[in-house]
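Worksheet: the structure to be examined is printed underneath.
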Amino acid sequence: MGMFDSFHISATALTSQRLRMDTVSANIANAQTTRGKLVDGEWKPYTRKMTVMQEAPFRQQLSAVSGGVEVSQIVEDESPYKLVYDPSHPDSDDRGYVQMPNVDLLKEMVDLMGATRSYEANIAAMNATKAMLVKAMEIGKG
């Protein structure tokens, strides 16, 4: 493992967690969107999205460092939409029910907190690595 590989690994984690936070933010922003996508001529509510992370494949190349983590895909949550009784809503059905997105704000906030903590942990790892490298360079001077 090279001297700067840990920086690369932490950087991939930062990038992945940032995308996870962006995905959660989109879910929160669309928690009330009843017209998310058009399917077979009918509007469906916004569908919650989730990031799937995996270990980045290790490839030894000439000067490139690899490893770390990456977002392999963004998938849609298959849980059912919520039904809310609101006959005055323009998207209500014959019985007065509106299909609302399958976004649970409590789940999203927990996911956002997890992503934030992970992001902060990787910042701390990068700072610790930087401090160790600075100390190693000081040893070489003396």
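Take 98 as the starting number for the sequence shown in the working numbering and just add one per residue. In this text, a Cβ means the ideal position worked out from N, Cα and C, and glycines have one as well. As the structure is a computational prediction, the values presented were derived from the model and not from experiment.
Item, Value
"Inter-residue Cα distance where the pair is valine 166 and alanine 153", "5 Å"
"Through-space distance from isoleucine 171 to leucine 230, alpha-carbon basis", "36 Å"
"7 Å Cβ shell around methionine 223 - same chain, five flanking residues per side excluded", "Phe104, Ser107"
"Straight-line gap, isoleucine 220 to leucine 111 (C-alpha atoms, nearest Å)", "8 Å"
"Contact belief for leucine 202 with isoleucine 125 at Cβ below 8 Å, rounded distance in angstroms", "7 Å"
"Coarse secondary structure for lysine 238, derived from DSSP in three states", "helix"
"Three-state secondary structure assigned by DSSP to tyrosine 182", "strand"
"Serine 122 burial status per 10 Å Cβ neighbour count (16 or more: buried)", "exposed"
"Test item: CB-CB of proline 198 and threonine 130 under 8 Å", "yes"
"Cutoff 6 Å; reference arginine 145; Cβ partners in own chain excluding five residues on either side", "Asn124, Asp174, Asn199, Val200"
"Spatially closest choice to aspartate 190 from Glu139, Asp119, Leu116, Arg115, by CA coordinates", "Glu139"
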